[in-house]
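K.L.:
Below you will find the structure I want to go over with you.
Protein chains: 2
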Amino acid sequence: MRKIPLPSIERLSNIYGLLRKLEKSGIKTVSSAQIGKNINATNATVRKDISYLSMPSVAGRDYNVAKLKKYIGQDLKFFKQRKACIIGLGRIGTAILAYEGFKDEGFEIAAGFDVSLNKIEMIISQVSLHLIHELESIIRSREIEIGIICTPPEAAQDTANKLLKANIKGIINCTTAMVSVPEEVIIRNIDYTGYLRIVSALISQRK
Amino acid sequence: MRKIPLPSIERLSNIYGLLRKLEKSGIKTVSSAQIGKNINATNATVRKDISYLSMPSVAGRDYNVAKLKKYIGQDLKFFKQRKACIIGLGRIGTAILAYEGFKDEGFEIAAGFDVSLNKIEMIISQVSLHLIHELESIIRSREIEIGIICTPPEAAQDTANKLLKANIKGIINCTTAMVSVPEEVIIRNIDYTGYLRIVSALISQRK
DNA sequence: GATTGTGAAGAACTTCACAGCC
DNA sequence: GGCTGTGAAGTTCTTCACAATC
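Top to bottom, those sequences are chains A and B. So that you can map any letter, position 77 of the first sequence is 77 in the working numbering, and since no number is skipped, the others follow by simple counting. Here the working numbering runs 207 ahead of the position in the second sequence, where the first position is 1.
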């Protein structure tokens, strides 16, 4: 298996999500064109993406949903359960905390952190909640790989630094602040304002 | 001004967000390297991005924060106030509804929609809330350009179709479902599970 | 010395186009 | 006929490298 281009990894991740849904609704086969329509890509792009996988080829007919899902899962290591934690238990943090769907997808929210003892005591959750100063030791002891930052924007970089110290492998930054990390740490930003800006800019360009 | 590449538009949007923060903290100038560090890009990329703007060039010294911000805002049309609406008033929908920061960024949440009359009556918000069947008429009459889908995933495509019928220009899809739209409509997905997957896949590739 | 600006080179990604398969 | 698989072509994006500026 050669190195998969980054955009292909992102699309394959999306295709994987699509295949899960198709499987649940009992659909057995799917074409590159159908996949493309769902993930907003061309059929050629989809086929190329799939060609990076180690899946043995059966040209000429639609993809077998279960098989394709298996190979994406295998090559992108989705079968390995990963642990994440949430830092900052405001509205967004608690919304993510309450979401039940992660487990089913192979992710476990293994801890939540906040600076406020009050919040930690008040919030009802299956997830164990802790004060921020316990962050490093808990991440290390529970082998948490991904940190989801939901703090106020002012605290974002500081939180990221704490995560880096605990040797985190990936960060999802849900604040409006930009956070900088060393090149080897994976980071994605989920910033509603940022998305509104990008959509707005693209709307302008269209005309 | 020539056509700006899409990745450049995304980065310029982020740079704009950064400049806003720098301006607020009283910082007057910034270098391409500093910007790059904040948005996770190289200095060359940052300079290239900026070169697409209509800003007159002053080689040799750091960028003037206010001036750069002005030109990005002008060229990407951030000064035009845009209206958005939220469809689906669950946890995420109401969290976005409650967020105060959009107005300050030139975005107005001009309406919220849900299928449940109970929710519409119970939720306390400055934003006017309506039943879903009013979607099209309100989008048209209030000139809403962007729809933020926060419904359960099963309802996502259906909601998108309704938005398309109302001639929406951009969609931010916050469900785990993939939504397909015609090419001329801008769409971005904010899917926590999807981001976890992508981060997870990239962590695997790193090793 | 440190910075920007930018044509040109290079790298990465997408699409084409058609052989091969069902 | 409609599908996949893929080398090759084409396109887009990023980085280099260095002149110009402060």
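The beta carbon of each residue, even a glycine, is placed where N, CA and C say it ideally should be. The model shown is predicted, which means the values in this text are computed figures rather than measured ones.
Rounded to whole angstroms, what is the Cα-Cα separation between residue 221 of chain B and residue 60 of chain A?
P.N.:
In a straight line, the C-alpha of residue 221 of chain B is about 44 Å away from that of residue 60 of chain A.
K.L.:
With residue 167 of chain A as the anchor, note down where its alpha helix (DSSP H) starts and where it stops.
P.N.:
Segment: none, residue 167 of chain A is in no alpha helix (DSSP H) and carries neither H nor E.
K.L.:
From which residue to which residue does the beta strand (DSSP E) around residue 82 of chain A run?
P.N.:
82–87
K.L.:
Please compile the residues from chain A whose C-beta is within a distance smaller than 7 Å of the C-beta of residue 223 of chain B.
P.N.:
197
K.L.:
In whole angstroms, what is the alpha-carbon distance linking residue 325 of chain B and residue 212 of chain B?
P.N.:
Taking the straight line from one Cα to the other gives about 45 Å.
K.L.:
Between the alpha carbons of residue 88 of chain A and residue 317 of chain B, how many angstroms are there, rounded?
P.N.:
28 Å
K.L.:
Strictly below 9 Å CB to CB, what residues from chain B border residue 126 of chain A?
P.N.:
Simply none; closest approach about 16 Å.
K.L.:
Helix, strand or coil: how does DSSP classify residue 260 of chain B here?
P.N.:
coil
K.L.:
Taking 9 Å as the cut-off, decide whether the C-beta atoms of residue 46 of chain A and residue 379 of chain B are in contact.
P.N.:
no
K.L.:
Taking buried to mean at least 16 other C-beta atoms within 10 Å of its own C-beta, is residue 140 of chain A buried or exposed?
P.N.:
exposed
K.L.:
For residue 191 of chain A, which residues of its own chain have a beta-carbon under 6 Å away from its beta-carbon, when the five flanking residues on both sides are left out?
P.N.:
176
K.L.:
Assuming residue 108 of chain A is part of the beta strand (DSSP E), what are its boundary residues?
P.N.:
107–114
K.L.:
For residue 356 of chain B, count neighbouring Cβ atoms within 10 angstroms of its own Cβ and tell me buried if that reaches 16, exposed if not.
P.N.:
The residue in question, residue 356 of chain B, is buried, as its Cβ has 16 or more Cβ neighbours within 10 Å.
K.L.:
According to DSSP, is residue 65 of chain A part of a helix, a strand, or is it coil?
P.N.:
helix
K.L.:
Helix or strand or just coil, what does DSSP make of residue 396 of chain B?
P.N.:
DSSP places residue 396 of chain B in strand when its eight states are reduced to three.
K.L.:
I'd like the span of the alpha helix (DSSP H) that includes residue 135 of chain A, first residue to last.
P.N.:
135–142
K.L.:
Determine the burial state of residue 143 of chain A: buried for a count of at least 16 other Cβ atoms within 10 Å of its Cβ, exposed for fewer.
P.N.:
exposed
K.L.:
Is any beta-carbon of chain A found at less than 9 Å from that of residue 245 of chain B?
P.N.:
yes
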